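In the numbering used here, the protein residues as written are 31 to 241.
The structure is reproduced here in structure tokens:
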């Protein structure tokens with residue numbers, strides 16, 4: 031078996047996942063007139079289910095078709111001898127992996143914004159503080175039992191910014207930004223109430239709910 035080719039197959043699987051995640055995120059972020067919003071939400075839900083299926087399925091298909099199949103690259107076969115369709119698919123996957131590496135590199139090398147004066151962050155284990163696991167009756171409950179899961183933890187990040195050009199009246203403006211709450215029932219209501227209670231204790235000038 032060619033371990034180098036096995037590593038390449040793994041990288042191509044990562045690239046495939048990168049393309050799927052980027053595509054779905056772009057579609058969710060796109061603007062849509064209100065009259066078409068409901069129809070689009072149904073379509074996006076189906077697309078997300080397909081996305082969740084393809085991410086784990088593709089590496090399996092890749093392994094048994096390209097790697098271990100007849101003339102597979104793990105059996106002594108050559109990449110250039112693969113069917114044309116697979117070559118095209120793998121070229122896209124390679125581009126996706128290159129994009130993934132570039133994103134990671136940018137994250138590691140990113141500079142601290144000049145406008146940021148202060149940044150603090152802390153993680154609160156609400157499951158421990160509440161004294162029980164606040165699992166609701168919604169979907170994907172089994173994922174809450176995965177070891178090392180941080181689902182019930184709350185990260186509170188506080189930063190102070192100095193933005194040139196703002197009116198003097200906005201000096202000292204405080205904003206609490208809440209994102210990705212996902213009210214789908216997997217986490218029970220009491221957990222969200224605890225999160226919002228802690229946000230209210232900050233007494234900001236403005237609350238923002240996004241995502």
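Glycine included, each C-beta is placed from N, C-alpha and C at the ideal position.
Since the structure is predicted, the reported quantities are computational estimates derived from the model, not experimental observations.
What's the C-alpha gap between residue i and residue j?
| i | j | result |
| --- | --- | --- |
| residue 218 | residue 206 | 22 Å |
| residue 42 | residue 33 | 14 Å |
| residue 181 | residue 173 | 9 Å |
| residue 124 | residue 76 | 26 Å |
| residue 232 | residue 226 | 10 Å |
| residue 48 | residue 139 | 20 Å |
| residue 230 | residue 197 | 26 Å |
Is there a C-beta anywhere in chain D that falls below 8 Å from the one on residue i?
| i | result |
| --- | --- |
| residue 240 | The structure shown contains no chain D; it is built from a single protein chain. |
With residue i as the anchor, note down where its beta strand (DSSP E) starts and where it stops.
| i | result |
| --- | --- |
| residue 152 | 146 to 155 |
| residue 206 | 205 to 209 |
| residue 190 | 183 to 191 |
Going by the beta-carbon positions, is the gap between residue i and residue j smaller than 8 Å?
| i | j | result |
| --- | --- | --- |
| residue 44 | residue 122 | no |
| residue 153 | residue 190 | no |
| residue 78 | residue 51 | no |
| residue 111 | residue 101 | yes |
| residue 183 | residue 156 | yes |
By Cβ distance below 7 Å, which residues in the same chain neighbour residue i in space, the five residues on each side in sequence not counted?
| i | result |
| --- | --- |
| residue 147 | 190, 191 and 192 |
| residue 92 | 39, 42 and 43 |
| residue 145 | 191, 192 and 193 |
| residue 103 | 32, 35, 96, 97 and 109 |
| residue 6 | Nothing about residue 6 can be read from this structure; the chain reaches only from 31 to 241. |
What residue range is occupied by the uninterrupted alpha helix (DSSP H) comprising residue i?
| i | result |
| --- | --- |
| residue 54 | 33 to 59 |
| residue 118 | 114 to 139 |
| residue 226 | 219 to 231 |
With a CB to CB cut of under 6 Å and the five nearest residues on each side skipped, what residues in its chain are close to residue i?
| i | result |
| --- | --- |
| residue 64 | The predicted model places residue 64 with a pLDDT of 48, which falls under 50 and marks its position as unreliable, so this point remains unresolved. |
Three-pair Cβ contact test at 8 Å for the segment 157 to 169 versus the segment 212 to 232: yes
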